[in-house]
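From first to last, the protein sequence lines stand for chains P and Y. Using my numbering, read the first sequence as starting at 259 and increasing by one per residue. Using my numbering, read the second sequence as starting at 8 and increasing by one per residue. Ideal placement from N, C-alpha and C gives every residue a C-beta, glycine not left out.
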Amino acid sequence: NAGVTQTPKFQVLKTGQSMTLQCAQDMNHEYMSWYRQDPGMGLRLIHYSVGAGITDQGEVPNGYNVSRSTTEDFPLRLLSAAPSQTSVYFCASSFPNSPLHFGNGTRLTVT
Amino acid sequence: TQLLKQSPQFLSIQEGENLTVYCNSSSVFSSLQWYRQEPGEGPVLLVTVVTGGEVKKLKRLTFQFGDARKDSSLHITAAQPGDTGLYLCAGAHYTNAGKSTFGDGTTLTVKP
């Protein structure tokens, strides 16, 4: 019963470093998305995908890249980390026009 | 742009009290979801409402979708410490690839 799996759970980066947050789902969901959660600001959409090979920008895409080569995986890349990217990141998946299933998040600190 | 506004942002009550959380928008949504999130975990779906005026009950929780599909409320009867958590509403548009817009959340603390 894996659902949506995110790795790592915690990460500390120095400014300018790069990294990839991994997300995998085993529910054959077509839609996948990345959100960041900051205190008092709810969840804000970074990037989303409606199927393999298709991605689009959300509300706060700057500084992040994504790709969707398979239905199961949707990695989020930070090319040059900045302190403003300190946040908790959630990956979610769903069938079209259906509620979201979330992973347990990656807590990222950029110093 | 804050499309979904939740109120109150924080709520601290005693066990046994009733409470209502509101989720308001100027936009019409195809559907609206309520999620509950506990520390260190992702949000978990409580309910989806899709029809204007719809009322759904989940044990002590009652969810209502406004007639115009722009707002919603969550009412908890006789709150228990296990209800403590962050409650999030999210609206979706079927014409917008089902992308969800989230409110900024209501943090509920129920004291024993």
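If I follow the unbroken beta strand (DSSP E) through residue i, where does it start and stop?
i: N31 of chain Y; result: L26 to S32
i: A350 of chain P; result: S345 to S352
i: N323 of chain P; result: Y322 to V324
i: G92 of chain Y; result: G92 to A99
i: V318 of chain P; result: Looking at the DSSP string, V318 of chain P is not in any beta strand (DSSP E), and its letter there is neither H nor E.
i: I294 of chain P; result: With the sequence shown as reference, residue 294 of chain P is identified as Arg, and Ile is not the correct amino acid for it. Run containing R294 of chain P: Y289 to Q295, per the beta strand (DSSP E) assignment.
i: T265 of chain P; result: V262 to T265
i: R302 of chain P; result: L301 to G309
i: V54 of chain Y; result: V51 to V56
i: L279 of chain P; result: M277 to Q283
i: L334 of chain P; result: L334 to L336
i: V44 of chain Y; result: Note on residue identity: the sequence assigns Gln, not Val, to residue 44 of chain Y. Counting along the chain, the beta strand (DSSP E) containing Q44 of chain Y begins and ends at S38 to Q44.
Looking at chain P, is there any beta carbon in it that lies within less than 9 Å of the beta carbon of residue i?
i: D111 of chain Y; result: yes
i: T58 of chain Y; result: no
i: L11 of chain Y; result: yes
i: K118 of chain Y; result: no
i: E24 of chain Y; result: no
Taking residue i and residue j to be in contact with their CB atoms under 8 Å, please state how far apart those CB atoms are, rounded to whole angstroms.
i: N362 of chain P; j: G92 of chain Y; result: No, N362 of chain P and G92 of chain Y are not in contact; Cβ-Cβ is about 14 Å, not under 8 Å.
i: S276 of chain P; j: L366 of chain P; result: Not really, about 12 Å apart at Cβ, beyond 8 Å.
i: F109 of chain Y; j: L39 of chain Y; result: Not a contact, Cβ separation roughly 11 Å.
i: V56 of chain Y; j: S79 of chain Y; result: 6 Å
i: G311 of chain P; j: R335 of chain P; result: Not confirmed; about 17 Å, so no contact.
i: H364 of chain P; j: P266 of chain P; result: A quick correction: the sequence has Thr, not His, at residue 364 of chain P. With a Cβ gap of about 6 Å, T364 of chain P and P266 of chain P count as contacting.
i: G4 of chain Y; j: G274 of chain P; result: The requested residue 4 of chain Y does not occur in the structure, where chain Y is confined to residues 8 to 119.
Could you tell me if residue i is buried or exposed, where buried requires 16 or more neighbouring beta carbons within 10 angstroms of its beta carbon?
i: P357 of chain P; result: buried
i: R67 of chain Y; result: exposed
i: L65 of chain Y; result: exposed
i: T116 of chain Y; result: exposed
i: G98 of chain Y; result: buried
Nearest-angstrom Cα distance between residue i and residue j?
i: Q280 of chain P; j: T102 of chain Y; result: 28 Å
i: P15 of chain Y; j: I83 of chain Y; result: 14 Å
i: G23 of chain Y; j: L53 of chain Y; result: 21 Å
i: S37 of chain Y; j: K272 of chain P; result: 42 Å
i: V346 of chain P; j: L81 of chain Y; result: 26 Å
i: P354 of chain P; j: P341 of chain P; result: 34 Å
i: I20 of chain Y; j: T114 of chain Y; result: 11 Å
i: A350 of chain P; j: P88 of chain Y; result: 28 Å
i: P1 of chain Y; j: D74 of chain Y; result: Residue coverage of chain Y in this structure runs from 8 to 119, which leaves residue 1 of chain Y outside it and unanswerable.
i: E288 of chain P; j: K77 of chain Y; result: 27 Å
i: G316 of chain P; j: H305 of chain P; result: 5 Å
i: D331 of chain P; j: N25 of chain Y; result: 42 Å
i: Y42 of chain Y; j: F17 of chain Y; result: 16 Å
i: G120 of chain Y; j: F268 of chain P; result: Residue 120 of chain Y cannot be examined here, being either before or after the span of chain Y that is shown, 8 to 119.
i: V262 of chain P; j: D284 of chain P; result: 7 Å
i: Q13 of chain Y; j: Q264 of chain P; result: 28 Å
i: H100 of chain Y; j: S34 of chain Y; result: 10 Å
i: T8 of chain Y; j: T328 of chain P; result: Reliability fails at T8 of chain Y, whose pLDDT of 48 lies under 50, so the model's placement of it is uncertain and the value that follows must be treated cautiously. Their Cα atoms are separated by approximately 33 Å.
Say whether chain Y places a C-beta atom closer than 9 Å to the C-beta of residue i.
i: N355 of chain P; result: yes
i: A350 of chain P; result: yes
i: Y306 of chain P; result: yes
i: L303 of chain P; result: yes
i: L358 of chain P; result: yes
List, in order along the chain, the chain B residues whose C-beta lies closer than 8 Å to that of residue i?
i: F332 of chain P; result: Any reference to chain B falls outside this structure, whose protein chains are P and Y.
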